[in-house]
Amino acid sequence: MEQGDLKIYVEKRTRAFRCIWALEELELSYESVVLDFKAKAQHSPEFLKVNPFGKVPVLKHGRLTLSESGAICLYLDELDGKHRLVPSSSESDRY
Numbered sequence: 178m179e180q181g182d183l184k185i186y187v188e189k190r191t192r193a194f195r196c197i198w199a200l201e202e203l204e205l206s207y208e209s210v211v212l213d214f215k216a217k218a219q220h221s222p223e224f225l226k227v228n229p230f231g232k233v234p235v236l237k238h239g240r241l242t243l244s245e246s247g248a249i250c251l252y253l254d255e256l257d258g259k260h261r262l263v264p265s266s267s268e269s270d271r272y
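Each residue of the sequence shown is one higher than the last, beginning at 178 in the numbering used here.
As structure tokens, then:
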């Protein structure tokens, strides 16, 4: 999988921090878009096109859009391909 063009939508006091941590830990390059919840940026027409539920985190990668922190972290680990965060599903000690 290609790693380029990762964009993550975040707000500082949310579970989006998990995704930023994973991106940094895996040393993946990404663009971060910080939303200002006090200004209701999550309800802006522009962001609602990204996520109609107005929630973060949201990861965009090409045509893929993910909006759940656990799923995003799993996706990033597989994108990296080295399984540094999550053991391979073939490993018995994964769980």
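By construction, the Cβ of each residue, glycine as well, lies at the ideal position given by its N, Cα and C atoms.
Note that this is a predicted model, so its numbers are computed, not measured.
Query, Result
"Sequence-distant residues of its chain with Cβ nearer than 7 Å to L251 (five each side left out)", "V263"
"In DSSP terms, what I185 is bridged to", "S209 and L236"
"Identity of the residue in D254, T242, A216 and H260 nearest K226 by Cα", "T242"
"Outcome for D182 when other beta-carbon atoms lying within 10 angstroms are tallied against a minimum of 16", "exposed"
"Sequence ranges, beta strand (DSSP E) only - wholly within the region 239 to 264, length at least 3", "241 to 243"
"S206 and I197 closer than 9 Å at C-beta", "no"
"I185 versus V211 - alpha carbon distance", "8 Å"
"N-terminal and C-terminal residue of the alpha helix (DSSP H) that P222 is part of", "P222 to V227"
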